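Everything below concerns the one structure shown next.
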Amino acid sequence: MAATPPSAFTGAASAGDDYLPTSGNGGYAVLSYELDLDYRVATNRLNGTARIRARSTMPLERFSLDFAGLSVVKVTVDGERPRKLAETPRKLVITLDRALDADTDFTVEVRYRGAPHPIRSPWGEVGWEELADGVIVAGQPSGAASWFPCNDHPSDKATYRITVACEAGYTVVSNGPLVSRVNRSGRTIWTFEMRQPMATYLATVQIGRYRSQQLGAPVGAAPQTLFYPPAIERDVMIDFGRVPEMMALFCEQFGPYPFESYSVVVTPDELEIPLEAQGLAVFGRNHIDGAHGTDRLIAHELAHQWFGNSLTLAQWRDIWLHEGFACYSEWLWAEASGGKTADQSAAWYRAEVNAQPKDIVIGDPGPRAMFDDRVYKRGALALHAVRRALGDAVFFPSLQAYVAECRFGLVSTEDFVEIMEARSGSDAVGELVERWVYGRALPKL
Ligand SMILES: [Zn+2]
Numbered sequence: 001m002a003a004t005p006p007s008a009f010t011g012a013a014s015a016g017d018d019y020l021p022t023s024g025n026g027g028y029a030v031l032s033y034e035l036d037l038d039y040r041v042a043t044n045r046l047n048g049t050a051r052i053r054a055r056s057t058m059p060l061e062r063f064s065l066d067f068a069g070l071s072v073v074k075v076t077v078d079g080e081r082p083r084k085l086a087e088t089p090r091k092l093v094i095t096l097d098r099a100l101d102a103d104t105d106f107t108v109e110v111r112y113r114g115a116p117h118p119i120r121s122p123w124g125e126v127g128w129e130e131l132a133d134g135v136i137v138a139g140q141p142s143g144a145a146s147w148f149p150c151n152d153h154p155s156d157k158a159t160y161r162i163t164v165a166c167e168a169g170y171t172v173v174s175n176g177p178l179v180s181r182v183n184r185s186g187r188t189i190w191t192f193e194m195r196q197p198m199a200t201y202l203a204t205v206q207i208g209r210y211r212s213q214q215l216g217a218p219v220g221a222a223p224q225t226l227f228y229p230p231a232i233e234r235d236v237m238i239d240f241g242r243v244p245e246m247m248a249l250f251c252e253q254f255g256p257y258p259f260e261s262y263s264v265v266v267t268p269d270e271l272e273i274p275l276e277a278q279g280l281a282v283f284g285r286n287h288i289d290g291a292h293g294t295d296r297l298i299a300h301e302l303a304h305q306w307f308g309n310s311l312t313l314a315q316w317r318d319i320w321l322h323e324g325f326a327c328y329s330e331w332l333w334a335e336a337s338g339g340k341t342a343d344q345s346a347a348w349y350r351a352e353v354n355a356q357p358k359d360i361v362i363g364d365p366g367p368r369a370m371f372d373d374r375v376y377k378r379g380a381l382a383l384h385a386v387r388r389a390l391g392d393a394v395f396f397p398s399l400q401a402y403v404a405e406c407r408f409g410l411v412s413t414e415d416f417v418e419i420m421e422a423r424s425g426s427d428a429v430g431e432l433v434e435r436w437v438y439g440r441a442l443p444k445l
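For the record, in the sequence shown the residue sitting at position 430 is 430 according to the numbering used here, with numbers rising by one throughout.
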């Protein structure tokens, strides 16, 4: 048998997504992350251990993880030191003594430390960020590597157990239910479990001096909890008072809430935009006015639990499957709560989109325009066009079929079209998506 050249045993240092060509890695798929973090808010010092259970997808001698801005202390693979360890500004490259066979489970343990800070990206600074007195993590699209070594691409979803120790007096919020909280010599150790597969960019840690309160009754078994600075309690309770109603509406329209808990964090700092993470959403104090001025955004972030978090794009070019659907959910909430009908919103925003240049295709907008407002609005318009063509009695059950069939998985625009057409028995969906999502000219409603 001829010897295989060594390159055949090297996993690619990219997920092969041309929107983020340096993010993600090949040669393996992650099964679970276990992150053990010891953090000091006062000095922004992080000591971490990441235990990453993965499965090789090819014979593997060398592979990489995304990791940026922190120092590696020690790496083991199945308890052994690797033959070679190389660090580049964005990657940790591990070479093993002996290649793993394909389809072999292995565990990488990385001990690391440093002062975490955001990563510069074409979409601004992303990742772990200090607040005036606390922390937020906004990972989308490439910030996860700022706080743990990972395979940073949404196509590789995994389960998580995140433990954070920090000074007593702070509240830590992370993905999934809190499974334990222990006080030890002036510090509190918080452990969270996300048992449903999660994309790296949706992993988060929020730290602040928060008070918490339950919102309404649990959805299924999932509690809804609000975390906020005590000073703005009154306004926060007013603005988020209708989350249980929104939750009920979206459960009715999209199907059951996908996760085991839903948390909303309001930071004492101002934030440019709210952000979604799996099982939670984060708003800045500037988004709160005590007069429901943020309902649109609250509905948007909640809808991402279905569109983006449970159903996650396999390639960033399909971002309209997250943002168009979340934007449409704003219109659905408005319609259900006595505001504009979806027809009125669609007419209004179609005119707005029509006034803008028609130089992007929302089904492949290019990395720079990934979060362009036209992707959101025209994406919502596409969905509204499908709803109008099918009628509510067919549209909503078809949408629920799409959500149910792709639950916790990866989606593409083709999946959406295929499932909607199969469930509705109409071949109109593909043609509408072709014009609204892949065309430049703006169709009429
Ligand atoms: Zn969004």
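Backbone N, C-alpha and C define an ideal beta-carbon position, used for all residues, glycine too.
Please read all numbers here as calculations on a predicted model, not as lab measurements.
Beta-carbon separation of Ala221 and Pro197 under 8 Å?
By 1-based counting over the sequence shown, the position of residue 221 is 221. By 1-based counting over the sequence shown, the position of residue 197 is 197. Cβ distance not < 8 Å, so Ala221 and Pro197 don't count as in contact.
Do you know offhand how far Trp128's Cα is from Ala422's?
By one-based count along the sequence shown, residue 128 stands at place 128. By one-based count along the sequence shown, residue 422 stands at place 422. Between Trp128 and Ala422, the C-alpha separation is close to 42 Å.
Within the same chain, show all residues whose beta-carbon is closer than 7 Å to that of Trp320, passing over the 5 residues directly before and after it, in chain order.
Stepping through the sequence shown from its first residue, residue 320 is reached at position 320. Once the five neighbours on either side are set aside, the close Cβ partners of Trp320 are Ile362, Gly363, Val375, Gly379 and Val437.
Let me check understanding here. Comparing Cα to Cα, which of Gln213, Leu332 and Val173 lies closest to Leu383?
The sequence position of residue 383 within the sequence shown is 383, counting from 1. The option with the nearest alpha carbon to Leu383 is Leu332.
Could you tell me the alpha carbon to alpha carbon distance between Leu410 and Cys251, rounded to whole angstroms?
Translated into positions along the sequence shown, residue 410 becomes position 410. Translated into positions along the sequence shown, residue 251 becomes position 251. So the alpha carbons of these two residues sit roughly 20 Å apart.
Under 7 Å: does the beta carbon of Glu87 sit that close to some heavy atom of ligand 1?
On the sequence shown, position 87 is the one that residue 87 refers to. No, the Cβ of Glu87 stays beyond 7 Å of every heavy atom of ligand 1.
Which whole-angstrom value describes the C-beta separation of His300 and Ala326, a residue pair presumed to lie in contact below a C-beta threshold of 8 Å?
Here residue 300 is taken as the residue at index 300 of the sequence shown, counted from 1. Here residue 326 is taken as the residue at index 326 of the sequence shown, counted from 1. Correct: roughly 5 Å between the Cβ atoms.
Bridge partners of Asn183, per DSSP?
Translated into positions along the sequence shown, residue 183 becomes position 183. For Asn183, which the question treats as bridged, DSSP gives the partners Thr188.
Helix, strand or coil: how does DSSP classify Lys91 here?
Taking the first residue of the sequence shown as 1, we reach residue 91 at position 91. Correct three-state label for Lys91: strand.
Put Gln400 into one of helix, strand or coil per three-state DSSP.
By 1-based counting over the sequence shown, the position of residue 400 is 400. DSSP places Gln400 in helix when its eight states are reduced to three.
Can you tell me the Cβ-Cβ gap for Cys166 and Leu65, rounded? I've got them flagged as a contact below 8 Å.
In the sequence shown, residue 166 corresponds to position 166, counting from 1. In the sequence shown, residue 65 corresponds to position 65, counting from 1. Incorrect: roughly 25 Å between the Cβ atoms, too far for contact.
Assign Ser56 to one of two classes, buried (16 or more other C-beta atoms within 10 Å of its C-beta) or exposed (fewer than that).
Along the sequence shown, read from residue 1 onward, the residue named residue 56 stands at position 56. Buried, because 16 or more other Cβ atoms sit within 10 Å of the Cβ of Ser56.
Taking 7 Å as the cut-off, is the CB of His292 close to at least one heavy atom of ligand 1?
On the sequence shown, residue 292 is found 292 positions in, with the first residue counted as 1. No, since every heavy atom of ligand 1 falls outside the 7 Å radius drawn around the Cβ of His292.
Closer than 8 Å by C-beta to Val386: which residues in its own chain qualify, once you throw out the five before and the five after it? Chain order, please.
Reading the sequence shown from its first residue, position 386 is the one you call residue 386. Contacts found: Phe395, Met420, Ala428, Val429, Leu432 and Val433.
Using the Cβ count rule (16 or more neighbours within 10 Å means buried), how would you classify Arg368?
Position 368 of the sequence shown, counting from 1, holds the residue named residue 368. Arg368 should be labelled exposed.
Could you tell me if the beta carbon of His287 falls within a distance shorter than 7 Å of some heavy atom in ligand 1?
Here the question's residue 287 lines up with position 287 in the sequence shown. No, since every heavy atom of ligand 1 falls outside the 7 Å radius drawn around the Cβ of His287.
Spatial neighbours of Val179 within its chain, please: CB distance less than 7 Å, with the 5 preceding and 5 following residues excluded, ordered by chain position.
For this step, residue 179 is matched to residue 179 along the sequence shown. Cβ neighbours of Val179 beyond the five flanking positions: Thr191, Phe192 and Glu193.
Measuring only the C-alpha atoms, how far is Arg440 from Ala86?
Residue mapping note: residue 440 aligns to position 440 of the sequence shown, counting from 1. Residue mapping note: residue 86 aligns to position 86 of the sequence shown, counting from 1. Distance between the alpha carbons of Arg440 and Ala86: 45 Å.
Thinking Ser310 and Val173 are a contact (beta carbons under 8 Å), I'd like their distance in whole angstroms, please.
The residue you call residue 310 lines up with position 310 of the sequence shown. The residue you call residue 173 lines up with position 173 of the sequence shown. With a Cβ gap of about 20 Å, Ser310 and Val173 do not count as contacting.
Just to confirm, does His117 get its C-beta within under 7 Å of one of the non-hydrogen atoms of ligand 3?
For the structure depicted, ligand 3 is absent and the ligand set comprises only ligand 1.
Can you tell me whether Val182 is buried or exposed? The criterion is at least 16 other CB atoms within 10 Å of its CB, across all chains shown.
Here the question's residue 182 lines up with position 182 in the sequence shown. When all chains shown are included, Val182 counts as exposed.
In chain order, which continuous runs of the beta strand (DSSP E) of length 3 or greater are located wholly inside the segment 101 to 182?
For the segment 101 to 182, whole beta strand (DSSP E) runs of length 3 or above, ordered along the chain, are 105 to 114, 119 to 121, 124 to 131, 134 to 138, 158 to 167 and 171 to 174.
In chain order, what residues of the same chain lie with their CB nearer than 6 Å to the CB of Thr188, ignoring the 5 residues before and after it?
The residue given as residue 188 occupies position 188 in the sequence shown. Cβ neighbours of Thr188 beyond the five flanking positions: Ala168.
Ends of the alpha helix (DSSP H) at Val243?
Counting from 1 along the sequence shown, the entry for residue 243 is found at position 243. Per DSSP, Val243 belongs to the alpha helix (DSSP H) from Val243 to Phe254.
Within a Cβ cutoff of 6 Å, which residues of the same chain sit near Leu302, ignoring the five residues on either side of it in sequence?
Looking up residue 302 in the sequence shown gives position 302. Counting only Cβ-Cβ distances below 6 Å, and skipping sequence neighbours, we find Met246.
In the DSSP assignment, what are the bridge partners of Gln214?
For this step, residue 214 is matched to residue 214 along the sequence shown. Paired residue(s): Thr225.
Going by the CB atoms, is the gap between Phe63 and Gly27 shorter than 8 Å?
Here residue 27 is taken as the residue at index 27 of the sequence shown, counted from 1. Here residue 63 is taken as the residue at index 63 of the sequence shown, counted from 1. It is a contact, given that the beta carbons lie within the stated cut-off.
In chain order, what are the residue ranges of uninterrupted beta strand (DSSP E) at least 3 long that sit wholly in the segment 274 to 338?
As far as the segment 274 to 338 is concerned, its whole beta strand (DSSP E) runs of at least 3 residues are 275 to 277 and 280 to 284.
Rounded to a whole number of angstroms, what is the C-alpha to C-alpha distance between Ala13 and Ala342?
Residue mapping note: residue 13 aligns to position 13 of the sequence shown, counting from 1. Residue mapping note: residue 342 aligns to position 342 of the sequence shown, counting from 1. So the two alpha carbons sit approximately 44 Å from each other.
Given this structure, state the Cα-to-Cα distance separating His292 from Thr225, to the nearest angstrom.
The residue labelled residue 292 in the question sits at position 292 within the sequence shown. The residue labelled residue 225 in the question sits at position 225 within the sequence shown. Their Cα atoms are separated by approximately 18 Å.
What do you reckon, are the CB atoms on Ala29 and Asp156 nearer than 8 Å?
Translated into the one-based positions of the sequence shown, residue 29 becomes position 29. Translated into the one-based positions of the sequence shown, residue 156 becomes position 156. Contact flag set, yes.
Using CA atoms only, rank isn't needed, just tell me which of Pro229, Leu202, Val205 and Ala203 is closest to Ser212.
As a position in the sequence shown, residue 212 is number 212, starting the count at 1. The option with the nearest alpha carbon to Ser212 is Pro229.
Less than 7 Å between the CB of Glu330 and some heavy atom of ligand 1, yes or no?
Stepping through the sequence shown from its first residue, residue 330 is reached at position 330. Checking the Cβ of Glu330 against ligand 1 gives no.
So, are the CB atoms of Val205 and Ile232 less than 8 Å apart?
On the sequence shown, residue 205 is found 205 positions in, with the first residue counted as 1. On the sequence shown, residue 232 is found 232 positions in, with the first residue counted as 1. No, the pair does not count as a contact, with Cβ atoms beyond the cut-off.
Give the single residue among Asn44, Val108, Ala144 and Gly114 whose Cα lies nearest to the Cα of Arg120.
Within the sequence shown, the letter at position 120 stands for residue 120. For Arg120, the nearest C-alpha among the options comes from Ala144.
Can you give the Cα-Cα distance for Ser426 and Ala346, rounded to whole angstroms?
The residue you call residue 426 lines up with position 426 of the sequence shown. The residue you call residue 346 lines up with position 346 of the sequence shown. When rounded, the distance between both Cα atoms is 22 Å.
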